[in-house]
Amino acid sequence: MSNPIRYAVVVNDEEQHALWPEDVPLPEGWRPEGFEGTEEECVAHVDRVWPDIRPLSLRRRLAEHRSAGTQETR
32 MSNPIRYAVV
42 VNDEEQHALW
52 PEDVPLPEGW
62 RPEGFEGTEE
72 ECVAHVDRVW
82 PDIRPLSLRR
92 RLAEHRSAGT
102 QETR
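Counting from 32, one number per residue, gives the positions in the sequence shown under this note's numbering.
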């Protein structure tokens, strides 16, 4: 029986998540999120912790836009 590939869940500054093989150096801009396991375990973890897959900068822009619209209607 062969050993399954182990992965680490990694995250970037935009709070985007990815799976990365544990034995491969991370690309610049990515850091470990703290969860490691099989591909299935990591995918299930990402599904739990990353429900809104929009990049952080987009979520912030939309929140600012909604906030500005709310202030204009007051």
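Each residue gets a CB set at the ideal place from its N, CA and C atoms; glycine is no exception.
For GLU67, the secondary structure class from DSSP, reduced to helix, strand or coil, is strand. Of GLY100, ALA94 and VAL41, the smallest CA-CA separation from ARG62 is found for VAL41. Listed in chain order, the non-local C-beta contacts of THR69 below 6 angstroms within the same chain comprise PRO35, local neighbours out to five positions each way being set aside.
The residues GLY60 and TRP61, in chain order, have a CB closer than 6 angstroms to that of ASN43 in the same chain once the five nearest residues on each side in sequence are set aside. DSSP links ARG91 through a beta bridge to no other residue.
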